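Heads up, the thing below is written out as structure tokens.
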Amino acid sequence: MFGKRLLPLAIATAVGIGLTLALVFFYAPNDADQGFVQKIFYVHVPMAIVALFGFMAAGIMAVKHLRTGDQRWDMRSYVAIHMSIILGVGVLVTGSIWARAAWGHWWVWDEPQLVSFLIVFLLYCVYYPLRFSIEDRERQARYSSVFAIVAGAFVPLNFIAVRLAETFTHPRVLGTTAGGMPGSMRFTFIVALISMTLLFITLMKLELTSKRASDQLKRLRRKLEAQAASA
Amino acid sequence: MIRSAGAILRKDLRLEVRTKESVPAMVLFVVVVYVLFHFGLDRDTLSGDLASGVLWVTLLLSAILGVNRLFAAEQLDGILLAPIDRTAVWLAKATALFIYLVAVQIVAIPAFALLLLGPGLDPGIVPILLLADIGLAATGALVAGLASETRARDLIVPLLLLPLLMPVLIAAARATTPLFDGPDGDLGRWLGLLGLYDLVFVLVSIAVFDYLLED
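As they're listed, the protein sequences go chains X and R. The working numbering puts the first residue of the first sequence at 1456, with every later residue one more than the last. The working numbering puts the first residue of the second sequence at 3, with every later residue one more than the last.
Structure follows, in structure tokens:
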């Protein structure tokens, strides 16, 4: 009764990630400027895109929660932010490795996407202390949803601000070779993006299922204890 | 709604005039931070982007104090039990914070010119300050509301407020740099960004504040 669609989804994700790895290592050509190192792009960028969309999707789920009062939407919004934060750690780590390999520094401030991502990440980290320092269940859901909406609206605004502020001194991958990415790179990137999205959805479903199962377990146990006490 | 907002605002301002809780503390804090920067940077005068950065970081940090105190009275006197539209509460709080910030800056900006600023003060800073204050006030009142029910309110407020104010810092600091003898910049772009920020956060606050402070 739990996680009915979880198995096919997990299989699709595993196939997708296997295919992505095969394409990254055996099909996509080495980048003309950066060589082999550039292949981290197929992990880093899809992770960043999926995490940002996860954050914004959490905002939409939060709107649904406030509109309908249905607690399940709050749970979905929470899990979406949780998974995006985990991906966010991956984004910052892979971005840092890439920066080190390509430009010789572990962190570069004139890479607007990475800097805006850091700001967004720092903001979303506050979701946990905010959520868990409110005790009342209903109020916790409501305040968390308001946070998710405000932060969701902040994400694009922040990107505009940081983009305007940074001067573009570093070459970006999408523009290095004249006319954008060659077709084989673009194809690999799209496959990588799809498998990362699948991974995100699978992890979200898994977490939601396990939360629902443990909730039900708690409820059944309480019932059993009540029965035992009355008998 | 405007009437109840006006009533809360009058109450807040009267309270502030009588108790002098927020504004004097914020002014004092600003001057202390100037002195900190003087010793921390080991400079007698600042100009250009350094001056603008020091000024704006100080102003944003001082805003935290105001935001932290914004709902202090409500927690004691239980005004939130009254059936007032929550958006009116937000409007009153944001306006009060805006007035506090302007009051603080009337002292803080000349004090900055006196203590740290190398070049003279350019009146062109006024529109930048006002646009930034609208954004600070809107976001500050929203964050104060968000943090009002948490156990660690004074911890949540700065953690939440500072990342949210990053676009304000970027735009305001960049816009101020040329006024302090820095390299010329695109003033229109930064004022536009401040205006966009103000608009987004005023609209978002009006949209979501109804769900906060319900009791």
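Note that beta-carbon positions come from the ideal geometry of N, C-alpha and C, so glycine has one too. Remember, predicted model here, so these are calculated numbers, not experimental data.
Determine the closest residue to residue i out of the options, with distance taken between C-alpha atoms.
| i | options | result |
| --- | --- | --- |
| X:Val1610 | R:Pro160, R:Leu82, R:Pro165 | R:Pro165 |
| X:Ile1540 | X:Gln1526, X:Glu1590, X:Trp1561, X:Val1575 | X:Val1575 |
| R:Ile66 | R:Pro85, R:Ile130, R:Thr141 | R:Thr141 |
| X:Asn1485 | X:Gly1559, X:Pro1637, X:Ile1615, X:Ala1620 | X:Pro1637 |
| R:Leu131 | R:Gly197, R:Ala94, R:Ala146, R:His40 | R:Gly197 |
| R:Phe39 | R:Thr60, R:Ala173, R:Asp188 | R:Thr60 |
| R:Asp14 | R:Ser54, R:Leu57, R:Trp92 | R:Trp92 |
| R:Ile172 | R:Arg191, R:Val202, R:Pro160 | R:Arg191 |
| R:Leu157 | X:Asn1613, X:Val1498, X:Leu1585, X:Val1534 | X:Leu1585 |
| X:Trp1558 | X:Val1479, X:Gln1489, X:Leu1573, X:Arg1674 | X:Gln1489 |
| X:Phe1508 | X:Thr1468, X:Leu1648, X:Arg1677 | X:Leu1648 |
| R:Asp51 | R:Leu119, R:Glu151, R:Pro125 | R:Leu119 |
| R:Pro85 | R:Ala7, R:Leu162, R:Asp186, R:Val19 | R:Ala7 |
| X:Ala1469 | X:Ala1686, X:Asp1670, X:Thr1652 | X:Thr1652 |
| X:Phe1602 | R:Leu62, R:Ala209, R:Lys95 | R:Ala209 |
Quick check on DSSP: helix, strand or coil for residue i?
| i | result |
| --- | --- |
| R:Leu38 | helix |
| R:Asp44 | coil |
| R:Leu215 | coil |
| X:Gly1630 | Only weak support exists for where X:Gly1630 lies, its pLDDT of 47 falling under 50; the value from the coordinates is given anyway. If DSSP states are grouped into helix, strand and coil, X:Gly1630 belongs with the helices. |
| X:Gly1490 | strand |
| R:Leu119 | strand |
| X:Phe1510 | helix |
| R:Phe203 | helix |
| R:Ile136 | helix |
| R:Trp192 | helix |
| X:Thr1624 | Model confidence at X:Thr1624 stands at a pLDDT of 42, short of 50, so the residue's coordinates are unreliable and nothing is read from them. |
| R:Pro85 | coil |
| X:Trp1553 | helix |
| X:Lys1459 | coil |
| X:Ile1589 | coil |
| R:Pro185 | coil |
| X:Trp1423 | It is not possible to answer for residue 1423 of chain X, since the shown part of chain X is limited to 1456 through 1686. |
| R:Thr2 | In this structure chain R extends from 3 to 217, so residue 2 of chain R is not present and cannot be described. |
| X:Pro1584 | helix |
| R:Asp124 | coil |
| X:Ser1539 | helix |
| R:Ser24 | coil |
| X:Gly1524 | coil |
Once the 5 residues before and after residue i are set aside, which same chain residues still bring their CB inside 7 Å of it?
| i | result |
| --- | --- |
| R:Val106 | Val25, Met28, Val29, Val32, Ser64 |
| R:Ala134 | Val170, Ala174, Leu196 |
| R:Tyr17 | Checking the sequence shown, residue 17 of chain R turns out to be Leu, not Tyr. Only Ala75 meet the Cβ criterion. |
| R:Gly137 | Val170, Leu196, Tyr199, Asp200, Phe203 |
| X:Val1518 | Ile1604 |
| X:Thr1632 | Model confidence at X:Thr1632 stands at a pLDDT of 42, short of 50, so the residue's coordinates are unreliable; what they give is reported in the following sentence. Excluding sequence neighbours, X:Thr1632 sits near Ala1487. |
| X:Trp1562 | Ser1551, Ala1554 |
Which residues in chain R sit within 7 Å of residue i, going by Cβ to Cβ distance?
| i | result |
| --- | --- |
| X:Phe1491 | Result: empty, since nearest Cβ-Cβ is about 35 Å, beyond 7 Å. |
| X:Val1544 | The contacting residues do not exist; X:Val1544 stays about 17 Å from chain R at best. |
List, in order along the chain, the chain X residues whose C-beta lies closer than 9 Å to that of residue i?
| i | result |
| --- | --- |
| R:Pro185 | By Cβ distance, chain X contributes nothing, its closest Cβ being about 12 Å from R:Pro185, past 9 Å. |
| R:Leu62 | Within 9 Å Cβ-Cβ: nothing; R:Leu62 doesn't reach chain X, min ~14 Å. |
What is the residue span of the alpha helix (DSSP H) that residue i lies within?
| i | result |
| --- | --- |
| X:Ala1483 | Looking at the DSSP string, X:Ala1483 is not in any alpha helix (DSSP H), and its letter there is neither H nor E. |
| X:Phe1609 | 1592-1620 |
| X:Lys1433 | Because chain X is modelled from 1456 through 1686, residue 1433 of chain X falls outside the range shown and cannot be assessed. |
| R:Glu18 | 4-21 |
| R:Gly68 | 50-71 |
| R:Thr179 | No alpha helix (DSSP H) contains R:Thr179, which DSSP labels as neither H nor E. |
| X:Val1570 | 1567-1580 |
| R:Asp156 | 155-166 |
Just to make sure I have the definition right: I need the residues of chain R whose C-beta is within less than 9 Å of the C-beta of residue i. Which are they?
| i | result |
| --- | --- |
| X:Ala1467 | Within 9 Å Cβ-Cβ: nothing; X:Ala1467 doesn't reach chain R, min ~35 Å. |
| X:Ala1681 | The premise fails here: X:Ala1681 is roughly 31 Å from chain R at the closest Cβ pair, so nothing lies under 9 Å. |
Whose Cβ in chain X lies nearer than 7 Å to the Cβ of residue i?
| i | result |
| --- | --- |
| R:Arg153 | Ser1588 |
| R:Met28 | None at all; the shortest Cβ gap to chain X is about 23 Å. |
| R:Arg191 | Leu1619 |
So, for residue i: in the same chain, excluding its five sequence neighbours on each side, which residues have a beta-carbon less than 6 Å away from its beta-carbon?
| i | result |
| --- | --- |
| R:Ser207 | Trp92, Ala140, Leu144 |
| R:Ser54 | Ala175, Thr178, Thr179, Phe182 |
| X:Val1534 | Met1659, Glu1662, Leu1663 |
| R:Arg88 | Phe211, Asp212, Leu215 |
| R:Val109 | Val29 |
| X:Val1617 | Pro1567, Val1570, Ser1571 |
Cutting at 8 Å between CB atoms, please list the residues of its own chain near residue i, excluding the five before and the five after it.
| i | result |
| --- | --- |
| R:Val159 | Ile66, Val69, Asn70, Val145, Ala146, Ala149 |
| X:Leu1461 | Thr1657, Lys1660, Leu1661, Thr1664 |
| X:Gly1634 | Caution applies to X:Gly1634, whose pLDDT of 46 falls short of 50 and renders its modelled position unreliable; the model cannot decide the point. |
| X:Tyr1579 | Phe1510, Ile1536, Ser1539, Ile1540, Gly1543, Ala1606 |
Can you pull the chain X neighbours of residue i, defined as C-beta to C-beta under 8 Å?
| i | result |
| --- | --- |
| R:Leu93 | What R:Leu93 touches in chain X: nothing, since even the nearest Cβ is about 17 Å away. |
| R:Arg176 | Ala1620 |
Any C-beta of chain C sitting closer than 8 Å to the C-beta of residue i?
| i | result |
| --- | --- |
| R:Leu83 | Given the protein chain composition of this structure (X and R), no chain C is represented. |
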